[in-house]
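Asker:
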Amino acid sequence: MTVEETIREQRRAKLAEIAGLGYALYPHRYDYSHELAALAAAYGGRTAEELEAERTPVRVCGRLVALRAHGKAGFAHLAQQGARLQIYVRQDAVPARDFALWKLLDLGDFIGVAGYLFRTRTGELTVHAETLEFLAKDLRPLPEKWHGLQDVERRYRQRYLDLLVNPGAREVFLRRARLIEALRAAFLARGYIEVETPMMQTLAGGAAARPFTTHHHALDLPLYLRIAPELFLKRLVVGGLERVFEINRNFRNEGISTQHNPEFTMLEFYEAYSDYRVLMDWSERLLAEAAEQVTGARAVAYGGETIDFGRCRRLGLRAAVREFWPGEAGPAPSEEELRDPRAEARLAARYNRVAREAPESRYPPVEIPPVAEPGVILTALFEAIAEPELRQPTIIHDFPLAVSPLAKAKPDEPDWVERFEIYAAGMEIANGYSELNDPEEQRRRFALQLERREGGDAEAHAMDEDYVRALEYGMPPTAGEGIGIDRLAMLLTDSASIRDVILFPLLRPREADVGAGNSEPDDRSAPAASR
RNA sequence: GAGGCGGUAGCUCAAUCGGUAGAGCAUUGCCCUUUUAAGGCAAGGGUUCUGGGUUCGAGUCCCAGCCGCCUCACCA
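Given below as structure tokens:
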């Protein structure tokens, strides 16, 4: 028998003994007078003398997270909602039955304690127990008490343990919750309404990505998990919901990395009668305020850097290529060169010669297709050269039309669109544009995508006839944007991996864990769905 | 998908050049009525990720596999 099995047997035996004392093993409730945090807030300032004079009666409950028995007495700490409180149990102050229970308690068990407040010799606010209730048993040993749970894999697979023993993990997810709360409040204050659009779609549109496929039995209908809510949200703008936002999951059937999880949370929003300039201004304020509300400051520490959301630089895409052009690849291209679509392949070739020689792949080579629409190669150059260098919050604006099938063209430059992306710490965290609302033009753009799709590009957009029809009913000038919540959460929690800000990131299931947690097989999901 | 690194007791970690797998916490027993990493005495606990191979001898070296992490590719 392993140590763990031994402990489980021992604790089951203790559970039987607890039953023998007459306690319910899984009672239904405990009526407490204070949550632990509230109790500390209310009485944390009282002196020992005041507490002694008041003898304030309290009823508290929580999980035992520290246990120091001293024979005929003992101390323990209860934990509840992240707060801790010490209790003091002595044989001559509690009923004999409760003291027998005390002797049978293990770390991890849940109990309720009624007693009065006092301060110990060392000054700690403590409940002097007068009665104990048994609430629930922990049959398995908790991870070690001061190193916590270090194994990264187990932290992800058994997040409950991570949350239980690593205070930092709890803080990350509290911050994530505060971030979403702050963003939601900001949109509601701006007159937006929150909506939910289909996660299962018959056609996965709104982004360039490979979708997951699924199937509806009753309708015998193949379905895709959405890669973006964009086309549905804009249908709502057509329908007169002129300021809408959605915070929800997108699913993209692509690689996993420190910045990519197959399901991720996106805040996407659209407002009528605005353009991308309005959204650039608004996004800047939104990010600064969110950073401040979540972390207390606009400048946040991230991986040894300080990312200051209080200042957001703006840079054209072409200007960014010029600014970060590697010196080894010769002089940076001129503005005119960058405006010339025919020069793109030549510039990329010049860059690639350096990229291939650069140490440690600092500069990844870019692909140069034999025929490319204007701006495609330039965008690839931008991503290779500039993106990793954009450490401070930066708005990159104006993108090639060829990589933006849903964005409105710039009036003075038909091959370019009114689009921007926001970068911080080398990551793309937002993408917005003036929405294309000309149905004929949209149909042409879809047709171009269709050609690419037929040419083997699995990520090219499909034709969405209903979306074009919606546009034909008329969509006001509109601007829209998506903000990657997970990546923003990474920045605001100083997390190096997206998995650290997603409670249950996707991992390959292990045989021992099949049927548990997020690796649950399909056939077991049916009863849950019918609840 | 490719490359690099890792997997030792329930947890956190050791183990020299290939030579008897250890420690702390946790667990069990005894003592202990103001401790807080409580303390003292004693005890139990190992498929060294899995399967092969080399060797007198493998946690250590070699091969294959599994899982994870990092980098790259794809992407947001």
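The first sequence finishes on residue 1956 if you use our numbering, and the numbering steps up by one all the way, no holes.
Even for Gly, the Cβ is constructed at its ideal location relative to N, Cα and C.
Computed from a prediction, not measured in an experiment: that's the story for all the values here.
#1: Please look up how many angstroms separate the CB atoms of Val1485 and Tyr1457, rounded, as I've assumed it's under 8 Å.
#2: Alpha carbon to alpha carbon, what distance is there between Ala1653 and Pro1957?
#3: Give me the residue from Glu1596, Tyr1695 and Arg1509 with the minimum Cα distance to Ala1463.
#4: Would you kindly report the start and end of the unbroken beta strand (DSSP E) that includes Pro1790?
#5: For Met1691, list the residues DSSP reports as bridge partners.
#6: Given that a residue counts as buried once 16 or more other Cβ atoms are within 10 Å of its Cβ, and exposed if not, what is Glu1477?
#7: Would you decide whether Val1577 is buried or exposed? Buried here means 16 or more other CB atoms lie within 10 Å of its CB.
#8: By DSSP, does Ser1829 sit in helix, in strand, or in coil?
#9: From Arg1702 to Ala1887, what distance separates their C-alpha atoms?
#10: Cβ atoms of Lys1833 and Glu1843: under 8 Å apart, would you say?
#11: Quick check on the burial criterion: 16 or more other C-beta atoms within 10 angstroms. Buried or exposed for Gly1800?
#12: Do the CB positions of Leu1599 and Leu1692 come within less than 8 Å of each other?
#13: Using DSSP with H/G/I as helix, E/B as strand and the rest coil, what is Asp1948?
#14: Less than 8 Å separating the beta-carbons of Ala1811 and Phe1749?
#15: Need the endpoints of the alpha helix (DSSP H) that Pro1592 sits in, please.
#16: With a 10 Å radius around its C-beta and 16 neighbouring C-beta atoms as the bar for buried, classify Val1796 as buried or exposed.
#17: Below 8 Å on the Cβ atoms is my contact criterion, and I expect Glu1558 with Tyr1468 to pass it. Report the Cβ-Cβ distance as a whole number of Å.
#18: With DSSP collapsed to three states, give me the class of Ser1682.
#19: Can you find the residues in the same chain that come closer than 7 Å, C-beta to C-beta, to Ser1859, ignoring five residues on each side of it along the sequence?
#20: In this structure, does DSSP put Asn1943 in helix, strand or coil?
#21: Would you kindly work out how many angstroms separate the C-alpha atoms of Ala1501 and Arg1436, rounded to a whole number?
#22: Can you tell me the Cα-Cα spacing of Asp1925 and Trp1707, whole angstroms?
#23: Have a look at Glu1474 and Gly1496 and give me their C-alpha separation to the nearest angstrom.
#24: May I ask which residues mark the beginning and end of the alpha helix (DSSP H) holding Arg1775?
#25: Provide the residue span of the alpha helix (DSSP H) that contains Arg1437, from first to last.
#26: Is Tyr1788 buried or exposed, if buried means 16 or more other CB atoms sit within 10 Å of its CB?
#27: How should Trp1841 be labelled, buried or exposed, when 16 other C-beta atoms within 10 angstroms of its C-beta is the threshold for buried?
#28: Going along the chain, which residues of its own chain have a beta-carbon closer than 7 Å to the beta-carbon of Glu1569, five neighbours each way excluded?
#29: Going by alpha carbons, who is nearest to Gln1516 out of Leu1532, His1553 and Gly1548?
#30: For Trp1527, write down the residues that DSSP places opposite it in a beta bridge.
#31: How would you call Ser1920, buried or exposed, if buried means at least 16 neighbouring beta carbons within 10 angstroms?
#32: Assign Ala1941 to buried or exposed, taking buried as 16 or more other Cβ atoms, counted over all protein chains shown, within 10 Å of its Cβ.
#33: Just to confirm before moving on: does the CB-CB distance between Leu1567 and Val1590 stay below 8 Å?
#34: Bridge partners for Pro1482 per DSSP, in chain order?
#35: Would you call Ser1829 buried or exposed, if buried means 16 or more other Cβ atoms sit within 10 Å of its Cβ?
#36: Is the distance from the Cβ of Glu1679 to the Cβ of Ala1634 below 8 Å?
Answerer: So, from the listed chains and residues:
#1: 6 Å
#2: Because the chain is modelled from 1426 through 1956, residue 1957 falls outside the range shown and cannot be assessed.
#3: Arg1509
#4: No beta strand (DSSP E) contains Pro1790, which DSSP labels as neither H nor E.
#5: Asn1673 and Gly1909
#6: Burial call: exposed.
#7: exposed
#8: coil
#9: 28 Å
#10: yes
#11: buried
#12: no
#13: Summary for Asp1948: the model assigns pLDDT 30, below 50, so the residue's position carries little reliability; its value from the coordinates is reported in the next sentence. Asp1948 falls in the helix class under three-state DSSP.
#14: yes
#15: Taken as a continuous stretch (DSSP letters only), the alpha helix (DSSP H) holding Pro1592 covers Pro1592 to Ala1614.
#16: exposed
#17: Going by Cβ atoms, the distance from Glu1558 to Tyr1468 rounds to 21 Å, so no, they are not a contact pair.
#18: strand
#19: Asp1700, Tyr1701, Ala1832, Lys1833, Glu1843 and Ala1904
#20: Unreliable positioning characterises Asn1943 in this predicted model, as indicated by a pLDDT of 37, which lies under 50. A coordinate reading is not provided.
#21: Looking at the two C-alpha atoms, the distance is approximately 18 Å.
#22: 28 Å
#23: 27 Å
#24: Glu1769 to Glu1782
#25: Val1428 to Gly1445
#26: buried
#27: Flag for Trp1841 reads buried.
#28: Setting aside the 5 residues that flank it on each side, Glu1569 has no residue in the same chain whose C-beta is closer than 7 Å to its C-beta.
#29: His1553
#30: Beta-bridge pairing links Trp1527 to no other residue.
#31: Classified as buried, Ser1920 has 16 or more neighbouring CB atoms from the shown chains inside 10 Å of its CB.
#32: Any reading at Ala1941 must be qualified, since the residue scores a pLDDT of 39, below 50, and its modelled position is unreliable; the value itself is stated next. With fewer than 16 Cβ atoms within 10 Å of its Cβ, Ala1941 is classed as exposed.
#33: For Leu1567 and Val1590, yes; Cβs fall inside 8 Å.
#34: Tyr1541
#35: buried
#36: Less than 8 Å divides the Cβ of Glu1679 from the Cβ of Ala1634.
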